[in-house]
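Notes for the one structure printed next.
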Amino acid sequence: MSAWTVVCLAGTAALACGSALAPIGGRWRAALAIQATGIAALGVVGGAALFGAAPVGAQFRSGLSPALGIDRLSGFFVLMLAVTAVPAALHAREAMRDTPHAAAIASLGGAFCLALVGLVAARDATTFLAFWELMTLLPATIILVARHDERARRDVLAYLAITHLGGIGVWVTMLVLADHGALGGDPLQSDGLRALVVVAALLGFGTKAGVMPLHSWLPRAHPLAPAHVSALMSGVMVKLALYGLIRVLLEWAAPMPRWVGPALLGVGALSAVGGVLYALFQRELKRLLAFSSIENVGIVVLGLGAALTFESIGEPRWSAIAFAAALLHMLNHAVLKALLFLCAGSFAGAVGGLELDRLGGPLRRMPWTGGTFAIGAAGLAGLAPLSGFASEWMTLQALVHLSVHGPSGVALAAAAATAALAATAALAVLCFAKVIGLVLLGSPRRSECARARETAVSMRAPLVVLAGICVVLGLVPGLLVPTLAQLGPGEVQLARRPGLDLPGSGGLPALALAVGLVVVIGGLWRAGAARRAEPTPAWACGQRVVPALAWTSAGFTKPLRLMTQALLRPRRQVTVRSDGGVIQEVAHDAEVPHLFDSLIYEPVTAGALRGAAVVRRLQSGSLRAYLVYLLGLLLLALALVRLGLLA
Amino acid sequence: MSEAAIWLLVACACGVIVVRRRRVAVALLAAQSMLLGAFAIVDAAGESSALLVGGVILAGKAIVLPAVLAVVVTRTREAQPIASERHPLARLTLALAIALAVVTLMPRFGLTDARAEHAAVGLMALGIATAVVRRPAIFQALGFLVAENGLYLAALSAPGGLPAVIELGLVFDLVVVTCVAGAFGTKIHEELGSGDTSLLGGARD
């Protein structure tokens, strides 16, 4: 047994013990610390596997006997989980102090982490599917333990229904692959079978990853969970669905048909643009972050689509670059989204709500939390030199290269995807400028915001660590990219240097950009500190400056709403109350409905309910009727056997 | 097993479908089970363990189960014949049509004696058909016991037979199922004043 195996087993044991001990004797805070230690140990093993240590445990096999192991790709995802889950667990130790059922949530959270590790370590179809189901059920249980309101139950039901329907695709994929020996390395023999596996995988893993239009569960479920669980769901769980997709498309069912790459580009573009567009119009912070996850999943899928397309046209070097961009964006998004969800948890604890129009001012009152939140938001907006920029820039370079050098049809698809990514980047800046402006800046809009206090050091430290990782990943992405490129098709070697130097792109001097930015910000800071004039309140035409005069979420996005109203069909209602000809009050209510729900999910749900009402007539409750069905089925099966239609 | 014995088994099953009085139907089932038990004991002559198992099955299926059902019949007297019952000839025709269709379509499944195989399948089909065409609650239990007798006939005719532990387990299951069915039948009679299961349709939510 190798040293890494021992560390891996010790980490798993610590995680399991932390999960089991949480409900015992009110020691859930200690249990969370044990869980964090276990996940950290697993992260070390994952990092070692990623950077070249020998794989731990078994290889993939097509049999159904359970097997576990960690290779380089699994190592990357275990490392990602550790980077996200350790700060989340440490943050939760303080954040859940006054939360009802904290012990149960801590215990289930540990089990959820175990399921996530188990999924990436699964080396056979049975284990993979078992952990896949646990990964779906455990967060639903956590939400139901944490919240008892009607809306939570309804949204959890929608989450379970959609992900389980999508899960059929995962089951079909894994069982077909196992049946044909593809998990163990035998290539699929028929193109039809390969197409079936690809479509099932896209539906199954795509639903769990939250790609549009299969995403409807994600903005419902992610905001409901406690902050540290939301961080894991948005940061890691959706990435593990992409892990499954990567395994299928690049390994088990490879080589891919030519249409798969452009199809992924289309799905990725829709998810990226749609996700950020809907994020812009959200009025609650965690729901906005959930839609932002859909956007970033779209960017990752764009990278994967580009990688597959490059591979199909015989450009392995760029295929590896696009694949590395997708993996790097997954890591960046996991870190940034964990940071933002944990910050959101801190804000919610301090001010009691996350409605964007009822926040304001925490940057002054909670400088550490507000500052790290600003770094996370800027990173997610794709601003240089933070981590989100590097991976988006790499993806954009890959798409530009594909649109210039690819065959005409592919080039057209790549050009459209490039335009979609560029639009996404611009809209993301607008979105997070709104978030920073409404959440962090301005004057407090409620008394709770005015009384908000900075959180304890033990809650701030995980945020600072995550913000630090975001900065480091943005400054020296080139140190990680060659390792990620080796995980892709072709195992291409790229030069390892701090900045990014992509062929034909002129490179990205991230470090130099950062230094320049620090100098400029320092200069502005100094100039601001040295000003002589006394700051005065904003001029408001003689009115008193009150919170009601501040920008609102709807006001900030109104120009975009007007531009896109033909597409998004916003609803707006203005109620004017007047007395004696004098207007006393004007109430404004605006909403951007979720078109995917009203155009796809609601008609499908209504049809399913109508179908269920018809089928329910068969369920008479009479034993004799059931026996008649049984006899009818028996006779039908026997007749089919007689006719040779059933073996 | 002789052809006459096989026809006797089938005739008993048909009798359960036709007769009006529940006591007679229980007696027919007891006779059918007795015949099968006797056949098992004759077949096991010379083997003490098989003989013992055959004896237990005979006692269980031909004595205990009919006794349980007879108690249920005694405790749930019907004031008048159940009106929703179809004509006996219609019941028999429907049940025989189902049984013949199943026997015709069923492929051979490996018994050495083709007649026993057909009879086994036919008894199973007639048992299920009994539960379908008869309305009184107790006939649902009788139908399942007839179908089980079909399975038992197949087991007796199989080369090597069934392991003793499985046969004993089946008898135990049957005793439990019949007791539960009897309890339910009694409860239905208490609540509705009749064992007519068609009245349960009104109890749906």
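In order, the protein sequence lines correspond to chains B and E.
Under numbering that gives the first Met the number 0, think of the first position of the first sequence as 0, with each following residue one higher.
Under numbering that gives the first Met the number 0, think of the first position of the second sequence as 0, with each following residue one higher.
The beta carbon of each residue, even a glycine, is placed where N, CA and C say it ideally should be.
Contact set between residue i and chain B, taken where Cβ atoms lie within less than 8 Å
{"i": "VAL179/E", "result": "Under the 8 Å cutoff, chain B gives no residues; its nearest Cβ is about 13 Å from VAL179/E."}
{"i": "LEU199/E", "result": "GLY620 and SER621"}
{"i": "ALA130/E", "result": "LEU622, ARG623 and LEU626"}
{"i": "THR196/E", "result": "SER621, LEU622 and ARG623"}
In DSSP terms, what residue i is bridged to
{"i": "GLN572/B", "result": "ASP588/B"}
{"i": "VAL499/B", "result": "First, the amino acid is wrong: residue 499/B is Leu here, not Val. The partner list for LEU499/B (beta bridge, DSSP) reads LEU507/B."}
{"i": "ASP578/B", "result": "VAL581/B"}
{"i": "ALA19/B", "result": "Per DSSP, none; premise fails for ALA19/B."}
{"i": "PRO135/E", "result": "ASP195/E"}
{"i": "ALA121/B", "result": "LEU67/B"}
{"i": "GLU283/B", "result": "GLU354/B"}
Exposed unless 16 or more other CB atoms sit within 10 angstroms - verdict on residue i
{"i": "SER291/B", "result": "buried"}
{"i": "LYS186/E", "result": "exposed"}
{"i": "ARG90/E", "result": "buried"}
{"i": "SER1/E", "result": "exposed"}
{"i": "THR73/E", "result": "exposed"}
{"i": "ILE23/B", "result": "exposed"}
{"i": "VAL15/E", "result": "buried"}
{"i": "LEU720/B", "result": "Only positions 0 to 646 of chain B appear in the structure, and residue 720/B is not among them; the question remains open."}
{"i": "LEU131/E", "result": "A small fix is needed here, since residue 131/E is Val in this sequence, not Leu. Result: buried."}
{"i": "ARG571/B", "result": "exposed"}
{"i": "ASP204/E", "result": "Model confidence at ASP204/E stands at a pLDDT of 49, short of 50, so the residue's coordinates are unreliable and nothing is read from them."}
{"i": "ARG122/B", "result": "buried"}
{"i": "PHE171/E", "result": "exposed"}
{"i": "SER189/B", "result": "exposed"}
{"i": "TRP27/B", "result": "buried"}
{"i": "ALA539/B", "result": "exposed"}
{"i": "GLN396/B", "result": "buried"}
{"i": "GLN583/B", "result": "exposed"}
{"i": "LEU70/B", "result": "Here residue 70/B turns out to be Asp, not Leu, going by the sequence shown. It is buried - the Cβ of ASP70/B has at least 16 other Cβ atoms within 10 Å."}
{"i": "ALA676/B", "result": "One cannot answer for residue 676/B here, as it falls past the ends of chain B, which runs 0 to 646."}
{"i": "THR172/B", "result": "buried"}
{"i": "TRP251/B", "result": "buried"}
{"i": "GLU179/E", "result": "In the sequence under discussion, the amino acid at residue 179/E is Val, which differs from the Glu named in the question. VAL179/E should be labelled exposed."}
{"i": "PRO536/B", "result": "exposed"}
{"i": "VAL52/E", "result": "buried"}
{"i": "GLY387/B", "result": "buried"}
{"i": "ALA230/B", "result": "buried"}
Listed by chain order, chain E residues near residue i by CB distance under 7 Å
{"i": "ARG609/B", "result": "Ordered by position in chain E, no residue passes the 7 Å Cβ test against ARG609/B, which lies about 20 Å from the chain."}
{"i": "ARG641/B", "result": "LEU104"}
{"i": "ALA612/B", "result": "The premise fails here: ALA612/B is roughly 14 Å from chain E at the closest Cβ pair, so nothing lies under 7 Å."}
{"i": "ALA638/B", "result": "LEU104"}
Amino acids of chain B, ordered along the chain, whose beta-carbon sits closer than 7 Å to that of residue i
{"i": "PRO135/E", "result": "Going along chain B, no residue has its Cβ under 7 Å from PRO135/E, so there is no contact; the nearest lies around 12 Å."}
{"i": "GLN139/E", "result": "LEU622"}
Cross-chain neighbours of residue i in chain B, by beta carbon under 9 Å
{"i": "ILE213/E", "result": "In the structure displayed, chain E extends from 0 to 204; residue 213/E sits before or after that span and is not available."}
Residues of the region 86-111 of chain E whose Cβ lies closer than 9 Å to any Cβ of chain B, in chain order: Per Cβ criterion, the list reads ILE97, ALA100, VAL101, THR103, LEU104, MET105 and PRO106.
Can you give, in chain order, each stretch of the alpha helix (DSSP H) that sits fully within the region 42-114 of chain B and has at least 4 residues? Counting only runs of 4 or more, we get 71-94.
Taking only runs that begin and end inside the region 208-242 of chain B, name each unbroken alpha helix (DSSP H) of 4 or more residues, in chain order. Runs of the alpha helix (DSSP H) inside the region 208-242 of chain B: 217-220 and 226-231.
Please give me, in chain order, every unbroken run of the beta strand (DSSP E) with length at least 3 that falls completely inside the region 162-195 of chain B. Listed in chain order, nothing qualifies, since the region 162-195 of chain B has no complete beta strand (DSSP E) run of 3 or more residues.
Going residue by residue through the region 55-142 of chain E, where are the continuous alpha helix (DSSP H) segments of at least 4 residues, counting only ones entirely within it? Correct list: 64-74, 87-104 and 113-132.
Segments assigned alpha helix (DSSP H), at least 4 residues, entirely inside the region 592-642 of chain B: Counting whole runs of 4 or more residues, the region 592-642 of chain B contains the alpha helix (DSSP H) stretches 601-615 and 622-642.
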